[in-house]
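J.: Here my numbering is used: position 17 in the sequence shown is 106, and no number is missing along the way. Think of the CB as a built atom: it goes at the ideal place given N, C-alpha and C, for glycine as much as any other residue.
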Amino acid sequence: MFESLVKKLQKIYLHSSVTTVPIPDFKETAPERRRILFTGIVQGVGFRYQAKLLADRLFLSGWVKNLPNGQVEMAVQGAPEKIDFLISQMQHTGRIKISRIQTHLLEVDWTEAGFKILS
Numbered sequence: 090m091f092e093s094l095v096k097k098l099q100k101i102y103l104h105s106s107v108t109t110v111p112i113p114d115f116k117e118t119a120p121e122r123r124r125i126l127f128t129g130i131v132q133g134v135g136f137r138y139q140a141k142l143l144a145d146r147l148f149l150s151g152w153v154k155n156l157p158n159g160q161v162e163m164a165v166q167g168a169p170e171k172i173d174f175l176i177s178q179m180q181h182t183g184r185i186k187i188s189r190i191q192t193h194l195l196e197v198d199w200t201e202a203g204f205k206i207l208s
């Protein structure tokens, strides 16, 4: 019971911290899709939830998931400036400590809609 209360409070905190991030005005440019691997303290710290909240606010699509090796993998698409902003914001948040980011360009998935957390 205590664990579920802590998780609820963590989600409330993350939600309030993400919803107060000022979103710049972005010029709409041609979308791109990236596969991103994050290394560091990225699991058990609300990374996926925060990524989803920010991606939703930025109207990006894709998914994020934990990997067995402790990394987090993300596939995200939208305007490159918005993706860069998402990555930047993820690097400057509370308990998340990113030590390495690897990025690869992928082909845009024109059928994808929304941003999901995968298990």
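Using 10 angstroms around the beta-carbon of S150, count the other beta-carbons present and answer buried if the total reaches 16, otherwise exposed.
T.: Buried.
J.: Could you tell me which residues DSSP pairs with L194 in its beta bridges?
T.: R123, per the DSSP bridge assignment.
J.: For K116, count neighbouring C-beta atoms within 10 Å of its own C-beta (all shown protein chains included) and say buried if the count is 16 or more, exposed if not.
T.: Looking at its Cβ environment, which holds fewer than 16 other Cβ atoms inside 10 Å, K116 is exposed.
J.: Can F204 and Q160 be called in contact, C-beta distance under 8 Å?
T.: No; because the gap between Cβ atoms is not below 8 Å, this pair is not in contact.
J.: From Q178 to L143, what does the alpha carbon distance come to, in whole angstroms?
T.: In a straight line, the C-alpha of Q178 is about 8 Å away from that of L143.
J.: Provide the residue(s) that pair with K154 in DSSP beta bridges, ordered along the chain.
T.: According to DSSP, which records beta bridges pairwise, K154 is partnered with E162, L207.
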